[in-house]
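Novice: Numbering of the sequence shown is given in our numbering, commencing with residue 178 and proceeding in unit increments.
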Amino acid sequence: MPPLVLLLRVAAAWPVPGLGLLALPAGPAAAPLRAHALHTALAVEARPPGGAALPGTATVEEVERGGRSSYGLLLDLGGPVDLPPGTEIWGRAVQPPG
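1. Taking buried to mean at least 16 other C-beta atoms within 10 Å of its own C-beta, is Gly227 buried or exposed?
2. Could you tell me whether the Cβ atoms of Pro257 and Val187 are closer together than 8 Å?
3. Name the DSSP bridge partner or partners of Asp253?
4. Quick one: measure Cβ to Cβ for Ala223 and Gly233, integer angstroms, because I've assumed they're closer than 8 Å.
5. I need the DSSP call for Leu210, collapsed to helix, strand or coil.
6. Going by DSSP, which residues form a beta bridge with Val182?
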């Protein structure tokens, strides 16, 4: 099983009714997310600052804000959750083919 890798540090997160919690990365790039195709389902773990880890699932999404597109995660952490800025989202690394 591949190791957990840091996918993003949360800059902002908000609920999307009926879909989950959308989390956008702090900083200009979310390179680890770009290793995955859009809408790829991932096993993830949210690690809020000073809080307990929350296991869940996520899909990789592309979001446009202010004329810029960015990759983010649409999270399902098993219920309503508040993810403060700085929360780390960890997931499984992509294994190279072959």
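By construction, the Cβ of each residue, glycine as well, lies at the ideal position given by its N, Cα and C atoms.
Specialist: Taking the geometry as given:
1. With fewer than 16 other Cβ atoms within 10 Å, it is exposed.
2. no
3. Thr234
4. 7 Å
5. helix
6. Gly268
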